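K.L.:
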Amino acid sequence: MLIAVIIPTVILRPSTAAAHLVTTGMGPVYDGIGHLVLTPEDLVPALALALYAGLRGTVPGRRALFFLPLAWLLGGFAGLGASGLPAFPLPALSFLILGVLIAADLRLPTNAFTILVVAIGLVHGFFNGIALKNGPGGLGLVGIMAALFVLVALVAAFVLSLKPPWTRIVVRVAGSWVAAMGMLMIGWFIRGQG
Amino acid sequence: MTKELRHRTFFVWFLVVALNHVWVPFAHAHVEQGQAVGFVTGLEHPWSGLDHILAMIAVGLWGAQLGNPAMWVLPITFPIMMSLGAMMGLLGIPVPGIEIGIAVSAILLGIMVLGEVRPKLIAAAVLVGFFAIFHGHAHGTELPAGQNGLLYSMGFVIATGCLHGIGIIIGLVHRWPAGRVALRGAGAFIAVMGVFFLWRAVA
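Going line by line, the protein sequences match chains H and Y. Each residue of the first sequence is one higher than the one before, counting from 419 in my numbering. Each residue of the second sequence is one higher than the one before, counting from 176 in my numbering.
(1) Whose C-beta lies closer than 6 Å to the C-beta of Gly217/Y among residues of the same chain, with five residues either side of it excluded?
(2) Less than 8 Å between the C-beta atoms of Val234/Y and Gly369/Y, yes or no?
(3) Could one say the Cβ of Arg590/H lies closer than 8 Å to chain Y's Cβ atoms, at least one of them?
(4) Looking at the structure shown, is Asn323/Y part of a helix, part of a strand, or coil, going by DSSP?
(5) For a quick check, are the C-beta atoms of His220/Y and His310/Y less than 8 Å apart?
(6) Is the distance from the Cβ of Leu461/H to the Cβ of Gly543/H below 8 Å?
(7) Under three-state DSSP, which class holds Phe214/Y?
(8) For Gly610/H, which of Val455/H, Val447/H, Pro507/H, Gly472/H has the nearest alpha-carbon?
(9) Can you tell me whether DSSP reads Thr528/H as helix, strand or coil?
(10) Please state whether DSSP places Trp351/Y in a helix, a strand or coil.
(11) Using 8 Å as the threshold, is the C-beta distance between Ala521/H and Ala597/H below it?
(12) If we ignore side chains and look at the alpha-carbon of each, how far apart do Pro426/H and Val588/H end up?
(13) Residues of chain Y with a CB under 7 Å from the CB of Ser594/H: which are they?
(14) I'd like to know whether the C-beta atoms of Leu358/Y and Leu284/Y end up nearer to each other than 8 Å.
(15) Of the residues Val541/H, Val591/H, Leu534/H, Ile562/H, which one's Cα is nearest the Cα of Ala471/H?
(16) Exposed or buried, what is Ile424/H when buried is set at 16 or more other beta-carbons lying within 10 Å of its beta-carbon?
(17) Is the Cβ-Cβ distance between Ala489/H and Val428/H less than 8 Å?
(18) To be precise: take each residue of the region 484 to 505 of chain H, compare its Cβ to all Cβ atoms of chain Y, and keep it if any distance is under 7 Å. Which residues remain?
(19) Give the interface partners of Ala366/Y over in chain H, defined as CB-CB distance under 9 Å, in chain order.
(20) Which chain H residues sit within Cβ distance under 8 Å of Gly324/Y?
(21) Kindly indicate which three-state DSSP category Thr427/H falls into: helix, strand or coil?
(22) Give the straight-line distance between the Cα atoms of Leu524/H and Pro294/Y, rounded to the nearest whole angstrom.
(23) If we ignore side chains and look at the alpha-carbon of each, how far apart do Ile286/Y and Trp222/Y end up?
(24) Who are the Cβ neighbours of Phe306/Y in its own chain at under 8 Å, not counting the five residues just before and after it?
(25) Just by C-beta distance, which residues in the region 227 to 250 of chain Y are closer than 7 Å to chain H?
(26) Roughly how many whole angstroms lie between the Cα atoms of Leu241/Y and Pro554/H?
(27) I'd like to know whether the C-beta of Pro458/H is nearer than 8 Å to at least one C-beta of chain Y.
(28) Which whole-angstrom value describes the C-beta separation of Ala300/Y and Val248/Y, a residue pair presumed to lie in contact below a C-beta threshold of 8 Å?
(29) Using only the alpha-carbon positions, how far apart do Ile548/H and Met601/H sit?
(30) Whose CA, out of Ala496/H, Leu550/H, Asn552/H, lies closest to the CA of Val541/H?
(31) Could you check how far apart the C-beta atoms of Thr335/Y and Pro244/Y are, in whole angstroms? I think they sit under 8 Å.
(32) Using a Cβ-Cβ cut-off of 8 Å, state whether Ala597/H counts as contacting chain Y.
(33) Apart from the five residues just before and just after Met257/Y, which ones in its own chain have a Cβ nearer than 6 Å to its Cβ?
(34) Taking 8 Å as the threshold (C-beta atoms), are Ala482/H and Val398/H in contact?
(35) Could you please tell me which residues of the region 329 to 342 of chain Y, in chain order, have their CB closer than 7 Å to any CB of chain H?
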C-alpha cells in the first residue's frame with residue numbers, strides 16, 4: 419500500500435513550471451523557430467515556395483517538404499562556420515524568382531524545381547547560420563528545420579486542396595506581391611551601395 | 176425570398192462589413208517601435224493620398240468590369256510595375272511629372288470605368304502598368320529615415336493589393352443593371368477627381 423502511494427507520488431511530482439521564461443529563455447530550438455517566424459527575409463520565401471509547390475502538385479509538394487528543410491540545415495551549418503555576410507542580398511533574388519514563378523504560374527520540370535528548392539534552402543540556411551552563430555547555433559537550425567517542415571506541409575497542402583479557379587488566382591496575386599517586394603529589396607540594396 | 180434577392184442581400188451586408196473593416200481605426204494595442212513602424216508606415220502610405228486610393232480602386236473596378244482574365248491580370252501587373260517605379264525612385268532615376276502622371280491615371284482609369292471600355296488585355300495591362308510606375312516612384316522616395324526598407328515595402332505592397340481587392344469586390348455589382356450604372360457613376364467620380372488632382376498639380 420505504501421509503495422503504491424510513494425511510487426506514483428515520486429513519478430508525478432511536479433517540477434518548476436517556469437511559466438514565464440524570463441530567466442531561462444525559450445531554449446535554442448524555440449529560438450530558431452522564433453527566428454524564422456520573426457524574420458520576413460526568410461519567412462516570406464519559405465511561404466512563397468510552399469505556395470508554388472502547392473500550385474505545382476503533390477510531387478513537387480513532397481520534394482519541397484523534405485528537400486527545403488534539409489538544404490536549409492546544410493546551408494545553416496555552412497553558415498555557422500563562415501565569417502561575414504556575402505555582399506549581395508541573395509535572399510532578395512529568391513523573393514523575385516519565386517514571386518514571378520507564382521504570378522506567372524510557370525511550370526518548372528520537377529527536377530528543376532527540386533534544384534531551385536535546394537538552392538533557396540542552402541542560401542537562406544547559410545544566412546541563418548551566420549545570424550545564429552553567436553546565439554542558438556546548431557540547435558536553432560534544428561528548430562528552423564522543424565518549423566519549415568510544418569510550414570511547407572500546411573501551406574502546400576492547403577494550396578493543393580483549393581479547387582475553384584479563383585482561389586489559384588488569389589495565390590498568383592500573392593506571388594506578384596512577393597515579386598514586387600523582391601524588386602524593392604534589390605533597389606534598397608543598390609541605393610545603399612551607391 | 177428569391178435566390179437573387181438573397182444573393183443581393185448577402186452581398187450588400189458583405190460590403191458593409193468589409194468597408195467597416197477597412198475604415199476601422201488602428202487599435203494601437205502595442206506601441207510600435209523599430210521595424211514594426213516601417214511596416215505600418217508602408218501600410219499607411221497608399222492611403223495617404225486620395226489620388227493613390229482612387230486610382231488603385233479604379234484598377235480593381237475596371238478589372239471587375241472586364242472580367243476574367245483582366246480581373247486578376249491587372250492587379251498582378253500593377254504591384255510589379257509599381258515596384259519598378261519605386262526602384263527607379265530609390266535609384267534616383269527621375270520620372271518627370273509624377274503628380275501629373277498620378278492625376279492622369281485617375282482621369283484615364285475613371286474614363287475607362289465610366290465608358291466600360293474594353294480594350295485588348297495587353298492594352299489594358301500596358302495602360303495600368305505604365306501609370307503604376309508613377310505611383311511607385313512616389314512611394315519609393317518617401318521611406319522615412321531609420322525604418323526598415325523590406326517591411327515598408329511589404330506594407331505598401333499589401334495595402335496596394337487590398338485597395339485593388341476593394342475595387343474588385345465593389346466592381347462585382349456590375350452583374351446587376353443598377354450596379355452597372357453605379358459603377359459607371361463611380362468611374363465618372365474618379366475621373367472628375369482626377370481632373371481636380373491635375374489642376375492642383377499644375378496650378
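Quick reminder that beta carbons are idealized off the backbone N, C-alpha and C, glycines included. Just so we're clear, the structure is a prediction, and the values are computed from it rather than from any experiment.
P.N.:
So, from the listed chains and residues:
(1) Tyr327, Gly330, Phe331
(2) no
(3) yes
(4) coil
(5) no
(6) no
(7) helix
(8) Pro507/H
(9) helix
(10) coil
(11) yes
(12) 55 Å
(13) Ile251, Pro254, Ile255
(14) no
(15) Leu534/H
(16) exposed
(17) no
(18) none
(19) What Ala366/Y touches in chain H: nothing, since even the nearest Cβ is about 26 Å away.
(20) Leu602, Met603, Trp606
(21) helix
(22) 26 Å
(23) 22 Å
(24) Ala230, Gly276, Ile277, Val279, Ser280, Leu283, Leu284
(25) Trp247, Pro250
(26) 53 Å
(27) yes
(28) 6 Å
(29) 24 Å
(30) Ala496/H
(31) The pair is not a contact, with the Cβ atoms about 20 Å apart (cut-off 8 Å).
(32) yes
(33) Ala307, His310, Gly311
(34) One cannot answer for residue 398/H here, as it falls past the ends of chain H, which runs 419 to 612.
(35) Met329, Val332, Ile333, Gly336
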